[in-house]
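Novice:
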């Protein structure tokens, strides 16, 4: 064995083939706005004829479309999981659900007055991005995941569109709101909270009829929330409701709070979870 | 159970007590230079009379003293491990072993012509920082760890100063150099490589006499290197040599390459490792 | 490197130094019975003057004192964790809380008519075993853990005797009973269920006054229960109550059911948890 | 939430649907012997028309076909991994490669004088068992794994029959023998060691021509060996040779020795590894 290992090798190792993250924009007529998004493209993307499964990866309140690639180290993690075979090659789409880093421009994933984001997502965004980035584009090869407000977003999207996604991985998910709304009426935080009240994932399950439950059972569900997270009780409650109504899901409570350390570890599990559920009946 | 969970709670959760990272500078007479460093101070630091164990956490070639807190997410991870009890409260010191992001100013942890960093580290830096930051300051409560060039640095520091550290955790460590030096003579990379040839951790063990081995056995050693890392063979070889010479160590080969994903996971194991070896005979 | 590796080496490797599990018996005047127990003694036990921390490791309903060493593979796991330093050297005591493998003889850890096991445990068993097996014998160096009925046992023991234990690790814990008791009155299962109603860990926290809470905060608590375990809700509820009453604990919900796979993995975390809490203030 | 949880529920939970392990026998004309084997059949096996992927799971020297289900807790682990979706539904076949618990009857997986086990395995055993147990029966849905001597067995089987298996997971593998054979000539241990010399997996790679390497690249390889295992060097060396010859593999060195604790954890990774490689091109 040679003990030769040099700085030359070090710099060579940095040029290993790897996926990349590109930024893109779409014009939304529904939102009357340009919407930014990031896309992770796996190593070798576009070199052949192949089409890819797709994951929609949603950011949280107060974050933007760059959060996952900047703070969540998603590119290097996706590369590693694909290299070792724990995740399959996939396109990962990270849309913006807000505007800037000022509070007044944050909006969320649901329809609300002046901001019909859910309509935008399903009728404008998904069709366009799946055409552009060689995505397979059926339920069996589409997953959605997200953190905090995005964890609520992916859960509610799958509740209302279970025919669109094979799996849902919700991290530290904000799943509903039922208290006093202390923000000024008409302010963006006030609107966001009211939209979570209206679209509560908890209420959705409580009120689901048998026909709805049958459709929910076609999605693989995963809830992952820290034992010190202020949202823990909502996640446990949703799991209990789903279990009691016979919609199989996975629940994990790991050590941690509402932060990037937790979400980074969650993504290590979420990409393999989505991968092994791609193509399953 | 209340389903009430709001954005107010979310922002409240961001203000949980937590450790902080501060930047500081020391004037070195040996290096004829100001040397920057970061220090992680645990939550509650300085509020009592208590003194803390200390970890020196070393960056790699081409990085600087900010790398661990910026790219390695060390603060949030240290907070979490301390909160759950997996790591004890400790001060974590991250010194600079270079100058800027230009190649010509990088230098490393060993003494070399014009850059006696090891002398600086042990005679100027450690005494000053341990006075300033309420560190206990004995072998039983001092650990060193690092990545790549810093993994070599911590290993060689413990080989040559085993009476100073209770444990050593080397990540993806660059442990020696024995080939052709392709960089221009006199250039900084050339000097760094030559210093690794001169101070090879491999050679050190090969040549250690029994008296030295006895002293090495007072340190707890941990080597952690990815299966796809170009430095794997050096790490395995050092483990084999130490095992054969009856210096107990731990070896881990996990999935991964030479990147922050690997080092971030390594730090999750390294801080508990250092913690449980503090105070051990 | 030699490629020489032989069956001779294989058999040599089986004779590595290791801890051992011994079976012992104590006569109980309180129970009017001989009580069997197993003790894990770490490698080197009894060769010096040293005294050891102690863990009481409790079996579940329908099991006996041999369950942990037979089905839970505890010896090999304790050896490994001690070897790597993740757990410290300790004595592990596994008492019997029943009689045989027939339903009618199982009894549990609480006092109940004709079976004052809790009295036996604290006034006869602990003093005797700690004298015999070189145990340090103070709160700071004593922990208790257990599975299912034993998870309830260790929790309730720590609730009622918080000055006796530094930490408590409850696995898939049976923490209370509040329904109809369908077993025939006077039968052993009926008595066991009534004792869980009387000594409910849930009720204990609900009813604890501030003075009691202060004492509970001197114990480190850990609850670990599978997402598919029928006891999950009890464990989550106890965590919520403790959190709301400011008694810090850890909660983990991992993948799994009420079985040895879960408990074996739990023990991998429980022994390090107990170890790092030994000696803490 | 109800706090009602009873012994009735406990016993109900024990009757959850689950896979089972059955024992079976095959008459071998080649070995002139009856050969026992165990088969794990997943929950629901045989209720439909479906055919299953198959894993061959090999025991070590000094063990028999019951070892994995008895000491390795494979059934409960397979059930759990299938339930959570980490492993797919599969048939797991555990053949005997020896005779009894006396040394003289142990033989191994290779052909040797009087014991042409490899011939038996590929021409008698596999065809018969795959007919009987509804196995899909092609390379893409067949995997092999094993521990120690069985880790060598699965590696060498895949080296010599790469068109038969999609993946290979070798645990603490005995991969070759190149020293003095200290056992009496003609004794079974002597024969086993000589067969490992003759069929060394190390030599196989060293001597493989390019055409062979191309075929080896159609198998997914995984080597997993403890840092304190006496077989570590062989495993590292095989990884280095395969890497240098561009046959991609995975290497893991975890904490541990040559024992069931290590192999049990290995199986937690091996079944998902085999699963995600079933059906891959």
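Residue numbers (the numbering used here), protein chains in the order written: chain A, 3 to 283; chain B, 3 to 283; chain C, 3 to 283; chain D, 3 to 283. C-beta atoms are modelled at their ideal positions from N, C-alpha and C, and glycine is treated no differently.
Starting from residue 84/B, trace the alpha helix (DSSP H) in both directions and tell me its first and last residue.
Specialist: For the purposes of this step, residue 84/B is identified with residue 82 of the second chain, where counting begins at 1. Run containing residue 84/B: 76–86, per the alpha helix (DSSP H) assignment.
Novice: Could you tell me how far apart the beta carbons of residue 176/A and residue 243/A are, in whole angstroms, since I believe they sit closer than 8 Å?
Specialist: What you label residue 176/A is simply residue 174 of the first chain in a count that begins at 1. What you label residue 243/A is simply residue 241 of the first chain in a count that begins at 1. In fact, because the Cβ distance is near 16 Å, the residues do not count as touching under 8 Å.
Novice: Could you compute how far the alpha carbon of residue 155/A sits from the alpha carbon of residue 15/B?
Specialist: Counting from 1 along the first chain, the entry for residue 155/A is found at position 153. Counting from 1 along the second chain, the entry for residue 15/B is found at position 13. Rounded to whole angstroms, residue 155/A to residue 15/B spans 20 Å at the Cα level.
Novice: Using a Cβ-Cβ cut-off of 8 Å, state whether residue 253/C counts as contacting chain A.
Specialist: For this step, residue 253/C is matched to residue 251 along the third chain. Taking Cβ atoms only, chain A reaches closer than 8 Å to residue 253/C, which makes this a yes.
Novice: Report the three-state DSSP secondary structure of residue 112/B (helix, strand or coil).
Specialist: Along the second chain, read from residue 1 onward, the residue named residue 112/B stands at position 110. DSSP places residue 112/B in the coil class of the three-state scheme, outside both helix and strand.
Novice: List, in order along the chain, the chain C residues whose C-beta lies closer than 9 Å to that of residue 232/D?
Specialist: Taking the fourth chain and counting its residues from 1, the one referred to as residue 232/D is at position 230. Within 9 Å Cβ-Cβ: 7, 11, 12, 14, 15.
Novice: Would residue 222/C pass as an interface residue toward chain B - the criterion being a Cβ-Cβ separation below 8 Å?
Specialist: Indexing the third chain from 1 puts residue 222/C at position 220. Judged by the 8 Å Cβ criterion, residue 222/C is in contact with chain B.
Novice: Whose C-beta lies closer than 7 Å to the C-beta of residue 113/B among residues of the same chain, with five residues either side of it excluded?
Specialist: For the purposes of this step, residue 113/B is identified with residue 111 of the second chain, where counting begins at 1. Within the same chain, Cβ atoms closer than 7 Å to the Cβ of residue 113/B are found at 119, 120, 121, the five residues on either side in sequence being excluded.
Novice: Within the same chain, show all residues whose beta-carbon is closer than 8 Å to that of residue 75/B, passing over the 5 residues directly before and after it, in chain order.
Specialist: Stepping through the second chain from its first residue, residue 75/B is reached at position 73. The answer, listed in chain order, is 266.
Novice: Where does residue 103/C fall in DSSP's three states?
Specialist: One-based indexing of the third chain puts residue 103/C at position 101. Note on residue 103/C: pLDDT 45, under 50, position unreliable in the model; no value is reported.
Novice: What whole-angstrom Cβ distance do residue 86/C and residue 257/D have, given they're in contact under 8 Å?
Specialist: For the purposes of this step, residue 86/C is taken as residue 84 along the third chain, with counting starting at 1. For the purposes of this step, residue 257/D is taken as residue 255 along the fourth chain, with counting starting at 1. The beta-carbon separation of residue 86/C and residue 257/D, rounded to 5 Å, stays under the 8 Å limit for a contact.
Novice: Do you know how far the Cα of residue 231/C is from the Cα of residue 260/C?
Specialist: The residue given as residue 260/C occupies position 258 in the third chain. The residue given as residue 231/C occupies position 229 in the third chain. Cα-Cα distance, rounded: 5 Å.
Novice: In chain B, which residues lie less than 7 Å from residue 195/A when you measure between Cβ atoms?
Specialist: For this step, residue 195/A is matched to residue 193 along the first chain. Ordered by position in chain B, the residues that pass the 7 Å Cβ test against residue 195/A are 8, 9.
Novice: Which residues in chain B have a C-beta closer than 8 Å to the C-beta of residue 100/A? List them in chain order.
Specialist: As a first step, residue 100/A must be located in the first chain, where it is residue number 98. By Cβ distance, chain B contributes nothing, its closest Cβ being about 13 Å from residue 100/A, past 8 Å.
Novice: Distance, Cα to Cα, residue 227/A vs residue 220/C?
Specialist: For this step, residue 227/A is matched to residue 225 along the first chain. For this step, residue 220/C is matched to residue 218 along the third chain. For residue 227/A and residue 220/C, the distance between alpha carbons rounds to 27 Å.
Novice: If we ignore side chains and look at the alpha-carbon of each, how far apart do residue 99/A and residue 109/A end up?
Specialist: Translated into positions along the first chain, residue 99/A becomes position 97. Translated into positions along the first chain, residue 109/A becomes position 107. Going by the C-alpha atoms only, they are around 6 Å apart.
Novice: Check the Cβ-Cβ distances between residue 259/A and every residue of chain B, and say whether any is below 8 Å.
Specialist: Sequence index remark: in the first chain, residue 259/A carries index 257 (1-based). Yes, its Cβ sits closer than 8 Å to a Cβ of chain B.
Novice: Determine contact between the segment 139–153 of chain A and the segment 166–181 of chain A, defined as no fewer than three beta-carbon pairs at a distance below 8 Å.
Specialist: These segments touch.
Novice: Output yes if chain B places a C-beta closer than 8 Å to the C-beta of residue 174/A; else output no.
Specialist: Working through the first chain from its first residue, we reach residue 174/A at position 172. Taking Cβ atoms only, chain B never reaches closer than 8 Å to residue 174/A, which makes this a no.
Novice: Below 8 Å on the Cβ atoms is my guess for residue 2/B versus residue 60/B; work out the distance and round it to an integer in Å.
Specialist: The structure shown has nothing for residue 2/B, since chain B only spans 3 to 283.
Novice: Which class does residue 199/B belong to by DSSP, given the choice of helix, strand or coil?
Specialist: As a working mapping, residue 199/B is identified with position 197 in the second chain. Helix at residue 199/B.
Novice: Counting only Cβ pairs nearer than 7 Å, list the residues of chain C close to residue 24/A.
Specialist: Residue numbering aside, residue 24/A sits at position 22 when the first chain is read from its first letter. Per Cβ cutoff of 7 Å: no residues; residue 24/A is ~35 Å from chain C at best.
Novice: Considering only residues of the same chain and omitting the five flanking positions on each side of residue 28/A, which have a CB-CB separation below 8 Å?
Specialist: The residue you call residue 28/A lines up with position 26 of the first chain. Hits under 8 Å: 36, 37, 39, 126, 127, 130, 131.
Novice: Taking 8 Å as the threshold, find out whether the segment 178–192 of chain D comes into contact with the segment 88–97 of chain D through three or more Cβ pairs.
Specialist: Verdict: no, contact absent.
Novice: Can you find a C-beta in chain A that's less than 8 Å from the C-beta of residue 60/B?
Specialist: Counted from its first residue, the second chain places residue 60/B at position 58. No, because no Cβ of chain A sits closer than 8 Å to the Cβ of residue 60/B.
Novice: Pull the bridge partners of residue 225/C from the DSSP assignment, please.
Specialist: Taking the first residue of the third chain as position 1, residue 225/C is located at position 223. DSSP lists 172/C, 253/C as partners of residue 225/C.
Novice: Do you know how far the Cα of residue 275/C is from the Cα of residue 275/B?
Specialist: Looking up residue 275/B in the second chain gives position 273. Looking up residue 275/C in the third chain gives position 273. So the two alpha carbons sit approximately 13 Å from each other.
Novice: If we cut at 8 Å on Cβ distances, does residue 262/A have a partner in chain B?
Specialist: Counted from its first residue, the first chain places residue 262/A at position 260. Chain B contact via Cβ: present.
Novice: Any beta-carbon of chain B closer than 8 Å to the one on residue 71/A?
Specialist: The residue you call residue 71/A lines up with position 69 of the first chain. So no, residue 71/A is outside the interface.
Novice: For the putative contact between residue 168/D and residue 222/D, defined by C-beta atoms under 8 Å, what is the C-beta separation to the nearest angstrom?
Specialist: Here residue 168/D corresponds to residue number 166 of the fourth chain, with the count starting at 1. Here residue 222/D corresponds to residue number 220 of the fourth chain, with the count starting at 1. The Cβ separation is near 7 Å, so the contact holds.
Novice: Can you round the beta-carbon distance between residue 43/B and residue 24/B to whole angstroms, since I take them to be within the 8 Å contact cut?
Specialist: The sequence position of residue 43/B within the second chain is 41, counting from 1. The sequence position of residue 24/B within the second chain is 22, counting from 1. Indeed they touch by this definition, with Cβ atoms about 7 Å apart.
Novice: How is the alpha helix (DSSP H) around residue 282/B delimited, first residue to last?
Specialist: Locating residue 282/B in the second chain gives position 280, where the first residue counts as 1. Where residue 282/B is concerned, there is no enclosing alpha helix (DSSP H), given that its DSSP letter is neither H nor E.
Novice: DSSP three-state call for residue 8/D: helix, strand or coil?
Specialist: What you label residue 8/D is simply residue 6 of the fourth chain in a count that begins at 1. Note: residue 8/D maps to coil in three-state DSSP.
Novice: Work out the CA separation of residue 190/C and residue 105/C for me, nearest whole Å.
Specialist: Counting from 1 along the third chain, the entry for residue 105/C is found at position 103. Counting from 1 along the third chain, the entry for residue 190/C is found at position 188. Low confidence applies here, because residue 105/C scores a pLDDT of 48, under 50, leaving its location unreliable; read the following figure in that light. Roughly 7 Å separates the two Cα atoms.
Novice: By the 10 Å Cβ neighbour count, where 16 or more other Cβ atoms means buried, how is residue 13/C classified, buried or exposed?
Specialist: As a position in the third chain, residue 13/C is number 11, starting the count at 1. Exposed, since its Cβ has fewer than 16 Cβ neighbours within 10 Å.
Novice: Verify whether the separation of the beta carbon atoms of residue 204/C and residue 253/C is less than 8 Å.
Specialist: Walking along the third chain from the start, residue 204/C turns up at place 202. Walking along the third chain from the start, residue 253/C turns up at place 251. Not closer than 8 Å, so no.
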